[in-house]
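Enquirer:
2 protein chains.
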Amino acid sequence: MARLAIPHTTVSRLPLYLRCLDQLPVDQETVSSGEIAAALSINAAKVRKDFWYLECEGRRGVGYDIRSLVSQIGAALGLNVPLTIVIVGMGNLGMALAHYQGFASRGMILAGLYDTDARKIGETVGELVVRHPDCLAEDVRSEGVSIGVIATPAPAAQGVVDLLVKLGVTSILNFAPVVLDVPAGTTLRRVDVATELLILGYHQSNQDGGA
Amino acid sequence: MARLAIPHTTVSRLPLYLRCLDQLPVDQETVSSGEIAAALSINAAKVRKDFWYLECEGRRGVGYDIRSLVSQIGAALGLNVPLTIVIVGMGNLGMALAHYQGFASRGMILAGLYDTDARKIGETVGELVVRHPDCLAEDVRSEGVSIGVIATPAPAAQGVVDLLVKLGVTSILNFAPVVLDVPAGTTLRRVDVATELLILGYHQSNQDGGA
DNA sequence: GGGTGTGAAGCTATTCACAGCA
DNA sequence: TGCTGTGAATAGCTTCACACCC
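Top line first, the protein sequences correspond to chains H and Z. Here our numbering is used: the first sequence runs in plain steps of one and ends on residue 211. Here our numbering is used: the second sequence runs in plain steps of one and ends on residue 422.
#1: Just curious, the alpha helix (DSSP H) that H/Tyr53 is in, first and last residue?
#2: Among Z/Leu378, Z/Arg278, Z/Arg330, whose alpha-carbon lies nearest the alpha-carbon of Z/Pro236?
#3: Apart from the five residues on each side of it in sequence, which residues of its chain come closer than 7 Å, Cβ to Cβ, to H/Leu40?
#4: Report the start-end ranges of each alpha helix (DSSP H) in the region 93-152 of chain H that is 4 residues or longer and not cut off at the edges.
#5: Shorter than 8 Å from the beta carbon of H/Leu4 to some beta carbon of chain Z?
#6: In the DSSP assignment, find the unbroken alpha helix (DSSP H) run with H/Ile36 in it and report its ends.
#7: How about H/Ser71: is its C-beta nearer than 8 Å to some C-beta of chain Z?
#8: When the Cα of Z/Ala362 is compared with those of Z/Tyr413, Z/Gly272, Z/Val404, Z/Gly289, which residue comes out closest?
#9: Quick check: the region 272-292 of chain Z against the region 236-247 of chain Z, are there 3 or more CB pairs under 8 Å?
#10: Looking at C-alpha atoms only, which residue of Z/Ile284, Z/Lys257, Z/Thr221, Z/Gly302 is the closest neighbour of Z/Val360?
#11: Could you tell me which residues DSSP pairs with Z/Asn385 in its beta bridges?
#12: State yes or no: is the beta carbon of Z/Glu407 nearer than 8 Å to at least one beta carbon in chain H?
#13: Here's a check: name, in chain order, each residue in its chain whose Cβ is nearer than 7 Å to the Cβ of H/Leu97, leaving out the five neighbours to either side.
#14: Contact between the region 385-392 of chain Z and the region 175-189 of chain H is defined here as three or more beta-carbon pairs at a separation below 8 Å; is this criterion met?
#15: Z/Arg342: buried (16+ other C-beta within 10 angstroms of its C-beta) or exposed?
#16: So, does the CB of Z/Glu234 fall closer than 8 Å to a CB anywhere in chain H?
#17: Does DSSP put H/Gly89 in a helix, a strand or coil?
#18: Under 8 Å, Cβ to Cβ, is there at least one residue of chain H near Z/Gly412?
#19: Return the CA-CA distance between Z/Met306 and Z/Val336, expressed in angstroms with no decimal places.
#20: Return yes when the C-beta of H/Gln28 is under 7 Å from any heavy atom of the ligand GTP, and no when it is not.
#21: In whole angstroms, what separates the C-alpha of Z/Leu304 from that of Z/Lys377?
#22: Should Z/Glu407 go down as buried or exposed, given a rule of 16 or more other Cβ atoms within 10 Å for buried?
#23: Of all the CB atoms in chain H, is at least one closer than 8 Å to the CB of Z/Val372?
#24: Listing by chain order, which chain Z residues have their CB less than 8 Å from the CB of H/Ile85?
#25: Among residues of its own chain, excluding the 5 on either side of H/Asp117, which ones have a beta-carbon nearer than 8 Å to its beta-carbon?
#26: Hey, H/Ser146 and H/Ile85 are a contact pair by Cβ (cut 8 Å); roughly how many whole angstroms apart?
#27: For H/Asp215, which of helix, strand or coil comes out of DSSP?
#28: Figure out for me which residue from Z/Ala322, Z/Ala365, Z/Arg259, Z/Glu334 has the closest Cα to the Cα of Z/Ser353.
#29: Give me the DSSP bridge partner(s) of Z/Tyr228.
#30: Could you work out which residues of chain Z lie near H/Arg19, taking near to mean beta carbons separated by less than 9 Å?
#31: Under 8 Å, Cβ to Cβ, is there at least one residue of chain H near Z/Val292?
#32: Which residues of chain Z have a Cβ atom closer than 8 Å to the Cβ of H/Arg189, listed in chain order?
#33: Among the candidates H/Cys56, H/Ile42, H/Asp22, whose CA atom is the shortest distance from the CA of H/Thr9?
#34: Kindly give me the distance between the Cβ atoms of Z/Leu411 and H/Ser171, rounded to whole angstroms, as I take these residues to be in contact under 8 Å.
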């Protein structure tokens, strides 16, 4: 009865629940912890406890109302205020990210694309024009930026981080395969293909079905 | 004194250690748990215990021999046998992955690129030619495939998984923004941009410096 | 002094198990 | 009967603390 803070592990599962709820048949109105658990291959009690932290109310014998769930998970994640995102580095990866259609569906706003390569500057992706990172300062000031995404080659990444930090961006998602240094108060997450492949390789060579 | 199995959490940090060791000055021969911990913003005792599971031997007062560490971490990850990887889906993301230079450095072999789009089939990336997924069956049989990477649009992903599973591929890395279903015995990991952004957004809206 | 090796303690997260309600 | 809500038990990970060695 003291659901003060939401545990990190629960937070990390919330986006997954949203994903899962999206994939349910449109005419389905309620869902049980067991159904969600089966879809995600996790334990049903974990699902219920996660929802308990969010103060979601289910009906015994029935399940949870899907619409309420989506809205409460969204609220817990802070999606009432839209996230403003900029992407630095417009190689194939940056392009892939810029084309990703999933931003808008969760109320995220893609606000800027940057690259130092003169051949890329001026290209348009959707409604955005690729510009030089020098424009970041101005854009952060005028538009506000919640999250900076780093899709540059490895050697350029730390410089971009330093710039973003200097401009006051406190949340950074790094796709470059390097260990980056950020000051306290900045949240850095990384998406790392090589890491994932090596972990898969480990399970492979140990023939376990582990995650 | 009973280091039977390596904990999952330790395994997930091993690639990070490799990354970190790569970034040390080339003339440095030993490294302390404290240095690594500082670079990765984790606790030094954790680093030592991770190495302990791998039966790495450090020298008191000095640290760990970097070359030995790299080789023992690699061995623990099973890198003595190279990983053979195929990528299905040659949009921007698939292209970005295919161009990634980090495969070879860890002894991974990129063995095949597939797409159903006739306009993409026949394109070359490095030494590989993009082909139709129908070629997968033959390739898996002749070359062996350790890991299948899914870089298709969301609606196509489950079909690709089913195909890979049918062909006997037991490790899959999914980039498509969907929850996928795999049979027991298959290891599925996912890389999910939307998830990462939402988690960052949570921390942002709660102004904590959490990871 | 510096840094490892490692039991033990402390935490956190997962899972069980079952009462309670529709 | 089906499924939630939730304390209690369990399991697993992290961190401390300190003996020990260079």
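In this text, a Cβ means the ideal position worked out from N, Cα and C, and glycines have one as well.
Expert: The structure says:
#1: 44-53
#2: Z/Arg278
#3: Annotation for H/Leu40: Leu16, Cys20 place their beta carbon closer than 7 Å to its own, counting only its chain and skipping 5 residues before and after.
#4: If we require 4 residues or more, the alpha helix (DSSP H) runs fully inside the region 93-152 of chain H come out as 102-105, 136-143.
#5: no
#6: 33-40 is the span of the alpha helix (DSSP H), which, as asked, contains H/Ile36.
#7: no
#8: Z/Val404
#9: yes
#10: Z/Gly302
#11: Z/Ile361, Z/Arg401
#12: yes
#13: Ile87, Val149, Ala151
#14: no
#15: buried
#16: Note that residue 234 of chain Z corresponds to Gln in the displayed sequence, not to Glu. Yes, Z/Gln234 lies at the interface with chain H (some Cβ there is under 8 Å from its Cβ).
#17: coil
#18: Output row for Z/Gly412: interface = yes.
#19: 8 Å
#20: The ligand content of the structure shown is nil, which means the ligand GTP is not present either.
#21: 24 Å
#22: buried
#23: no
#24: Within chain Z, the residues near H/Ile85 are Leu408.
#25: Result list for H/Asp117: Met90, in chain order.
#26: 7 Å
#27: Residue 215 of chain H lies beyond the residue range present for chain H, which begins at 1 and ends at 211; the question has no answer from this structure.
#28: Z/Ala322
#29: DSSP lists no partner for Z/Tyr228.
#30: Proximity of chain Z to H/Arg19 at the Cβ level (cut-off 9 Å) is accounted for by Pro388, Val389, Val390, Asp403, Ala405, Thr406, in chain order.
#31: yes
#32: Ordered by position in chain Z, the residues that pass the 8 Å Cβ test against H/Arg189 are Glu407, Ile410, Leu411, Ala422.
#33: H/Ile42
#34: 4 Å
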